[in-house]
Amino acid sequence: MAAQGGGIVFQEKVSRLLARGNGRPVLKPNKKLVLGDSVANRRLGKGEATCITEMSVLMACWKQNNFVDSLCFREMTSFYTCVNKAQAAVKNQSSLQGGRLPPKQVNTLLKRFPNVTSEI
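Take the sequence shown: its position 78, counted from the start at 1, is 78 in UniProt numbering, and no numbers get skipped.
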């Protein structure tokens, strides 16, 4: 309900700016004030790197022990458990995705339901 009130206030403000007060409109758009029928195909951000600390500890252990895996078993297991946790978190997050649709799906929906440019 509050969102509708904000939308009405915004529409009134735009109509006031477009009104011909004092002879000329304050705002003169060079294109129609309607949404487009497509969005840009941008890729989603990669996010931040995870398990950097565990990886650096593992590499330091390898360097100290001349890259012998058996001597760095504890560091390897901590790194792999961190990687598995991070992959599970990414999988859970990708299913939710914060309520955003991918651009390809948005374009499909906009083609199915285009903007009405003429009044009925």
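Here a beta-carbon is modelled for each residue, glycine too, at the ideal position from N, C-alpha and C.
Given the structure is predicted, the values throughout are model-derived calculations rather than measurements.
In this structure, residue 41 sits near residue 104, with a CB-CB distance shorter than 9 Å. As summarised for the segment 50-88, the continuous alpha helix (DSSP H) elements at least 4 residues long and confined to that stretch are 52-64, given in chain order. DSSP places residue 106 within a helical segment (H, G or I) once states are collapsed to three. Separation of residue 33 and residue 43 (C-alpha to C-alpha, rounded to the nearest whole angstrom) is 26 Å. If you ignore the 5 residues before and after residue 63, its C-beta comes within less than 7 Å of no other C-beta in its own chain.
At a Cβ-Cβ threshold of 9 Å, residue 48 and residue 61 do not count as neighbours. Here the alpha carbon of residue 50 sits roughly 11 Å from the alpha carbon of residue 84.
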